[in-house]
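The structure appears below as structure tokens.
Residue numbers (the working numbering): 20 to 479.
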């Protein structure tokens, strides 16, 4: 286990604290350059050139209004949307997803996911780490004790040869997840909102103002990091310091790294196709990063800045956050944005021949109650982890199929029930990560990446 200690405020010799901070002024997701690259230098690499893009529909989308419609159930359960045919006979999805309906041969649906954590934090932790909190927290304030799959990928695979961060979050990492005992240098690199005017990753701001000569002049400063850490008794906190030093310099100066984040290089027509909002441009950024060598990109699809929060969040309780009226009026605004960005991402990945390398997953932390809740003239659906759906595209997997099924009201799986562990095992399989691999927790105990769950064989 790589242990990183907090440096003291004094540096040995002529290498001043100020110059040390300048050398690492590019912060990655709240971490300094030195912290992150130290961890990456100590990490392994599977050698597998694959990536995963996760669209996390935070709040929990309704299975009955997205990918598992039940048009013949009683009105107290049935949503107002109708199923539409796709380009794969026998597969139907919501009529609010006309663009995805044309691409069903390029994705598969898993309709039989389930778990038992019904708060947002607990559900998200379960879905993203494969481990449920031992003590449920109904207040949705819990934090994960175990690393999420992006941090695991960062630890196991390390940074690519092009010095592209292995784990990136758009716009930021979910608040309930953290790298835990893998070390802070394996948290996500937060990139902010790629749809912003004159966009640049927040962590790039200081470096973007520096000339190439200034950055080249920083290499001697980086070369003194070894002596600084050794002098502070931190010999064990940096492993492979030669590689660390080289990676640090490459990340500061690499044209490939900076090009990967330069979304303005994309054709305007393609940017329009994705949608000129943070969901659309976030998906486009994710494709660029996956193409450049990032292992995991997570997109937090929760809020669209140009829409009220009550419209763009997926937590469709009756009256949630002051929402008046029927929950469908908010879904009707929100869902076309998802349809646009997700369909553009899938199509773009296949058009570029990335469908074997890049796996796309769209899922939330749970589904919604089959029975519609109503009070005081407001309607909605509450949390329901007992049944929910996921869309999976690319990754060299079998496309154009539905895996699993729920009962007539989408209350629980009736065929091929799968847990978040099965979905994560499928993701790890694509990334070339052995789920039986162990890492030491803070007490020195070996913890397997996953305790149970095999890849979904129907997809492989």
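We put the CB at the ideal spot given by N, CA and C, even for glycine.
Contact between residue 183 and residue 311 is confirmed by a C-beta separation of about 5 Å, below the 8 Å threshold. The way I'd put it, the region 92–101 doesn't touch the region 136–152; fewer than three beta-carbon pairs between them come closer than 8 Å. Counting along the chain, the unbroken alpha helix (DSSP H) around residue 174 starts and ends at 168–176. Fewer than three beta-carbon pairs drawn from the region 154–169 and the region 286–306 are found closer than 8 Å, and the two stretches are therefore not classed as touching.
Bounds of the beta strand (DSSP E) holding residue 399 are 397–399. In this model, residue 315 and residue 431 are separated by some 30 Å (Cα to Cα). Under DSSP, residue 209 shares a beta bridge with 188.
One thing to note: residue 177 has its Cβ no nearer than 7 Å to the Cβ of residue 190. Excluding the 5 residues flanking it on each side, residue 428 has same chain C-beta neighbours closer than 7 Å at 89, 92, 96, 389, in chain order. With respect to residue 106, residue 124 sits close: the two C-beta atoms are nearer than 7 Å.
Nearest in C-alpha terms to residue 122, of all of 412, 393, 334, 141, is 412. Between residue 337 and residue 392, the beta carbon gap of about 5 Å places them in contact (Cβ cut-off 8 Å). In this model, residue 385 and residue 332 are separated by some 14 Å (Cα to Cα).
By the neighbour-count criterion, in which a residue is buried when 16 or more other Cβ atoms sit within 10 angstroms of its Cβ, residue 74 is buried.
With a cutoff of 7 Å on beta-carbon distance, residue 399 and residue 358 are scored as not near each other. Counting every other CB atom within 10 Å of its CB across the protein chains shown gives residue 457 a total below 16, marking it as exposed. The beta carbon of residue 205 sits closer than 6 Å to the beta carbons of 58, 170, 173, 174, 198 from its chain, once the five residues preceding and following it are set aside; these are given in chain order.
With fewer than 16 other CB atoms across the displayed protein chains lying within 10 angstroms of its CB, residue 462 is exposed. Annotation: the continuous beta strand (DSSP E) that includes residue 465 extends over 465–467.
Excluding residues up to 5 positions away in sequence, 374, 377, 413 lie with their Cβ nearer than 6 Å to the Cβ of residue 368 in the same chain. Residue pairing by DSSP places residue 424 opposite 434 in a beta bridge. Just so you know, the alpha carbons of residue 168 and residue 443 end up roughly 8 Å apart. For residue 411, the enclosing beta strand (DSSP E) covers residues 407–413. Taking C-beta atoms under 8 Å as the contact rule, residue 115 and residue 418 fail to qualify, at a distance of about 22 Å. Residue 403 sits in a strand when the DSSP states are folded into three classes. Non-local C-beta neighbours of residue 424 in its own chain, meaning closer than 8 Å and more than five positions away in sequence, comprise 130, 131, 432, 433, 434, 435, ordered along the chain.
When the beta-carbon positions are compared, residue 362 and residue 87 stay at least 7 Å from each other. Annotation for residue 352: the continuous alpha helix (DSSP H) segment containing it runs 347–370. Taking 7 Å as the cut-off, the beta carbon of residue 396 is found no closer than this to the beta carbon of residue 440.
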